[in-house]
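Per this note's numbering, the sequence shown starts with residue 181, numbered consecutively. Below is one structure, written out as structure tokens; comments come after it.
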Amino acid sequence: MSERTVVVSDIHLGAVAAENARAFLAFLEEARRWGDELLINGDLFDFWFEYRQVIPRGQLDVLARLRRLVEGGMPVLFMGGNHDAWGGSFLRDEVGVEILEEPARRRIAGRRAYIAHGDGLGPADRGYRVLRRAARSPVGRGLFRWVHPDLGLPLARLASGTRRAQAGGVRSESPRASLLARHAVEILAAHEDVDLVVFGHSHRPEVTELAPGRFYLNSGDWLHHNSFAVVTPDEIRLESYRGPGEG
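This is the structure we're talking about:
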């Protein structure tokens, strides 16, 4: 079992600014400084779809670095987000990451964790939840495979809205962040066997002790914060990556 788990989310490779993407690649090269296991909790890619014979262009660098981590003995756990839920056999078999099904219940750094990206939890998201279920179904995946990658991938990126979100800056108060924090409270109340709730999606880094020894963690994003979390048996802390050798 890992004693130090590094948690990241919402990197949005393919839409994030070039300097942020370069910083994340450098971070992966140094990931073993902070932990011996890496959890990617959704939206590593701004869009990802596994065609049977096609890999989305522009992501070879990050795929190679993830594979090197795995081959070097650092397990990589991958939870799909609302932008990259269609991860599958290529990531698992060729890159070597472990695909998690949402919500995942497992121990990280000795803590009993409930892990989900965090999309589709609000009362106003009922329609989105129906659409998400259909899109992630075998039928939905099969239908998208009939769309040529030269058409399907650009359309998906156009619809994502990530570049607009980055240009708009980060808000100090986020309804999405507040919703996820409330949902974490509900999960801990409903599950006595959970002492750590891990979300992404809000793009706002947060670690809060909601009850003695029971925590809510959101690792933030790489659009505005270049943030990650380190979970150990003794502490949960947030970090911001500043560059090679600098933390």
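Note that the Cβ used here is the ideal one computed from N, Cα and C, for glycine as well.
Item                                                                                                                                                           : Value
Taking only runs that begin and end inside the segment 266 to 305, name each unbroken alpha helix (DSSP H) of 4 or more residues, in chain order.              : none
Look at the Cβ atom of leucine 218, then the Cβ atom of methionine 254, and state whether they are nearer than 8 Å.                                            : yes
When the Cβ atoms of the segment 372 to 388 are set against those of the segment 240 to 255, are three or more pairs found closer than 8 Å?                    : no
Taking only beta-carbon positions, decide if alanine 357 is within less than 8 Å of chain B.                                                                   : Looking for chain B here will not work: only one protein chain is present.
Just checking, does the segment 266 to 280 make contact with the segment 390 to 398 on the three C-beta pairs under 8 Å criterion?                             : no
By DSSP's criteria, leucine 257 is part of a beta bridge. Which residues make up the other side?                                                               : Leu219 and Glu278
Can you tell me which residues form a DSSP beta bridge with arginine 394?                                                                                      : Ala391
DSSP puts glutamate 372 in a beta bridge; with which residues?                                                                                                 : Glutamate 372 pairs with nothing; no bridge assigned.
If you measure from the CB of glycine 380, is any heavy atom of the ligand SAH nearer than 7 Å?                                                                : The model on display carries no ligand, and the ligand SAH is accordingly not part of it.
So does the segment 361 to 369 actually touch the segment 209 to 216, counting three or more Cβ pairs closer than 8 Å?                                         : no
Going along the chain, which residues of its own chain have a beta-carbon closer than 8 Å to the beta-carbon of valine 374, five neighbours each way excluded? : Arg285, Arg292, Ala293, Tyr294, Ile367, Leu368 and Arg394
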